Amino acid sequence: MELTDATPAAMTRPRRRPALEPARAATPRAPHLRPYQVEAQQAILEHRARGVCSQLVSLATGLGKTVIIATLPKLLSLRTGEVTLVVAHRDELIEQIAEKMKVENPDAVIGIEKAERRAAEDSTIVVATVQTLAEKRLEDFVARFKRRIALFVIDEAHHAAAPSYRAIVDAVLGQRPEAMIMGFTATPNRGDGVRLVDVFEKIVYTMDARKGIDAGYLVPVKSYAVATHVSLDEVASRGGDFVIGQLAQAVNIKDRNARIVASYKQHTAGMKALVFTASVEHARDVAEEFVAHGLRAEWASGETPREERERIVRQFRGEGIDVLVNCGLYLEGFDVPSVQVILNARPTKSTTLYTQITGRALRPLDEIAVPLSNTNSGLERRELIEKSAKPAAIIIDLVDQAHRHQLMTVPSLYGLPPHIDAQGRMTAQVADKFEELLRRDPKRAAKVRTAEDIDTALIEIDAFNGPREIKPTFQPIDPESHWRLEMPPQRTAYDRKGRPIPDFSRKWDQWVAEARRVAPHEDAERFANRMLDVNPKSMRWERRRIDVKRDGDKFVTLYSTEDLPERVIEVGSSLVGLLGSAYQRVDEMLSGYAQIPANGTAPRPSQNGQQPQHHNGAHEMKNGNRRRRGRRARAR
């Protein structure tokens, strides 16, 4: 872990506590919890028992992390008088957390530390804003509660690397070094190079949106990509994303704003939509464009007075507003399950920010929340969602021209190129078909632009090639940054001088086949070993793997085996391009036309498509057979 001068001392020193006594390790029993929430609780307890006292839990938006937070005081068996401190960074989050805490801990004394409100000294649960717990106010708070703070919980913990949060952690651990630190977030990856694993010892449990959708707890996603003529190539980047002032100036133009409204009317007219923009002025202008087209729309930002924001949200929850336009206000803590449409008019390169934006629409409707929790079958849960008034979330991305930047869109979350337009289809299904096309025809996959293009390409390939051959495929470890292909195992061997035999599996199979053809009565495998000078004891099966990973601004293709560590065999700027190249390389390796030698560079086949072959083997076998027949005749 790379530490900086800004890292608080208390956070950098190893903090391990002895394993818990069995009597203190609570068993998670809460019938209202969903199975994955119970799994998260169990993971927390198991890691705490092993001495991991700074933990991160990652749950996608809509999977109920606040419920788990509210169960922690009982789950961790806090003693009488010990205090749970929960910190968030928005007023709306504070009130939501306090309400959940009251439900799960009816006997607790709950205090709020925010602005002029101060938690009483007898509070056992304190919910506070990070802005309040700063400098002198933080000193006063710590002096008030001293060593009683046994559990510190950070909601929306992707902010935890900020100095304001680190100062609170340092203060809590300064009073009680063995205090438990828990973080909860939907987005454990930051885009500014600061890793949350540098703050928390371990991510103990994770369930992302795709798993939540597959399990039937979140709604599936349909998406549209709406191309614009706006260029972002002159917009600078800082901290992994666009400089917001330059971005707002580039995208807040009349024609583009009109295209936002036209996209809503064309694809999702009448549906409840949340629109994300690049600036306060941009939010206002887009809202005015909606109103000018006769649509019920409002806008809000962090500058909007709280009372006005509350009025707007009440109307949006009800029937008064169809379209709510905002600038960075409703990324977190905005729980309106009736939102069915996200219009992203704020281009971003940040996976974290984009995941927050799209996550606002993934919650199923309230009326099926209880049935979803009471159903043990993922298939039944997905059917409940499909039959509801909100069978899918619809994400509309405004895709600007960005040759110098890699934009985040819904397709990119599913391993597709960001420019692909799913045309309102289920994005996961489009991604599966694109993966198949990429495997079967990488060059054609690089040219498709829509879901319809993908379907057409697959149909034409089937018509031309007939039944498809089953080949190993890349699987996403992380759809945006890491894909892996497990190749079929191959034979490996050393010769009698202890040297590895290049391309052994293919050569050995060839000699065995040749021996069986020329002399069926002979021991074909023994002959193959003799021709390749094999040490028979060295023969074994070896597993091989190819990974394509993000490495800074580039992607790298890595090859590894059971015995050899990962080594780079290709570097490129495009994930899709490297996946296609890797598939081509795999095809050549499986067909025997290529291998990965020790230097990590795979040779291509020769012009006639053939590899050099041993030319004396069959001749030697025939001559050997003649010699043996001659000896037997003379003996007779």
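First residue of the sequence shown: 1434, per the working numbering; consecutive thereafter.
Here a beta-carbon is modelled for each residue, glycine too, at the ideal position from N, C-alpha and C.
For clarity, every value in this text was computed on a predicted model and none was experimentally measured.
- Around residue 1887, the same chain offers 1866, 1867, 1870 and 1881 as residues with beta carbons nearer than 6 angstroms, after the five sequence neighbours per side are excluded.
- Here residue 1592 is buried: its Cβ has 16 or more other Cβ atoms, across all protein chains shown, within 10 Å.
- Look at the stretch 1811-1835 and you find these whole runs of beta strand (DSSP E), each 3 residues long or longer: 1826-1834.
- Short of 8 angstroms from the beta carbon of residue 1663, and not among the five residues preceding or following it, lie these beta carbons of its own chain, in chain order: 1683, 1684, 1686, 1689, 1833 and 1834.
- Pairing residue 1601 with residue 1701 gives a Cβ-Cβ distance that is not under 8 angstroms.
- Every unbroken stretch of the beta strand (DSSP E) spanning 3 or more residues and falling wholly within the stretch 1567-1613 is given here in chain order: 1582-1588.
- For residue 1861, same chain residues with a beta-carbon under 8 angstroms away, outside a window of 5 residues either side, are 1643, 1646, 1653, 1654 and 1847 in chain order.
- Closest in alpha carbon position to residue 1639, among 1994, 1488 and 1613, is 1488.
- Taking the Cα positions, residue 1962 is about 23 angstroms away from residue 1995.
- Residue pairing of residue 1491 in beta bridges, as defined by DSSP: 1618 and 1639.
- In this model, residue 1582 and residue 1598 are separated by some 15 angstroms (Cα to Cα).
- Residue 1604 places its beta carbon less than 8 angstroms from that of residue 1575.
- Runs of the beta strand (DSSP E) lying entirely within the stretch 1650-1703 and spanning at least 3 residues, in chain order: 1654-1664.
- Residue 1763 carries a coil assignment under DSSP once its states are collapsed to helix, strand and coil.
- With 16 or more other CB atoms across the displayed protein chains lying within 10 angstroms of its CB, residue 1766 is buried.
- Residue 1909 carries a strand assignment under DSSP once its states are collapsed to helix, strand and coil.
- Residue 1730 is bridged by DSSP to 1756.
- Between the stretch 1603-1621 and the stretch 1743-1754, the count of Cβ pairs shorter than 8 angstroms is below three; the stretches do not touch.
- Its Cα nearest to that of residue 1493, the residue 1790 stands out among 1790, 1873 and 1822.
- Distances from the CA of residue 1755 to each of 1989, 1776 and 1997 were compared; the closest alpha carbon is that of 1776.
- In the DSSP assignment, residue 1801 falls outside any beta strand (DSSP E), carrying neither H nor E.
- With contacts defined as CB atoms closer than 8 angstroms, residue 1711 and residue 1779 qualify as a contacting pair.
- The criterion of a C-beta distance shorter than 8 angstroms is not satisfied by residue 1619 and residue 1857.
- Every beta strand (DSSP E) of 3 residues or more that sits fully in the stretch 1536-1562 is shown, in chain order, as 1543-1546 and 1558-1562.
- Under the DSSP assignment, residue 1718 falls in the alpha helix (DSSP H) whose first and last residues are 1713-1725.
- Under the DSSP assignment, residue 1991 falls outside any alpha helix (DSSP H), being part of the beta strand (DSSP E) whose first and last residues are 1987-1994.
- In the three-state DSSP reduction, residue 1518 falls in the strand class (E or B).
- Leaving aside the five residues that flank residue 1734 on each side, the residues in its chain whose CB is nearer than 8 angstroms to its CB run, in chain order, 1713, 1716, 1759, 1760, 1761 and 1762.
- Each residue's CA atom was taken as its position, placing residue 1989 and residue 1785 some 22 angstroms apart.
- Residue 1974 sits exposed, since fewer than 16 C-beta atoms from the chains shown fall within 10 Å of its C-beta.
- Here residue 1658 is near residue 1853, since their CB atoms are less than 8 angstroms apart.
- Comparing alpha carbon positions, the residue from 1744, 1802, 1743 and 1782 closest to residue 1770 is 1802.
- For residue 1481, the closest C-alpha among the options 1548, 1523 and 1612 is that of 1612.
- About 10 angstroms separates the beta carbons of residue 1823 and residue 1795, which is beyond the 8 angstroms limit, so they are not a contact pair.
- Residue 1538 and residue 1505 have their C-alpha atoms spaced approximately 10 angstroms apart.
- The bridge partners DSSP lists for residue 1706 are 1756 and 1774.
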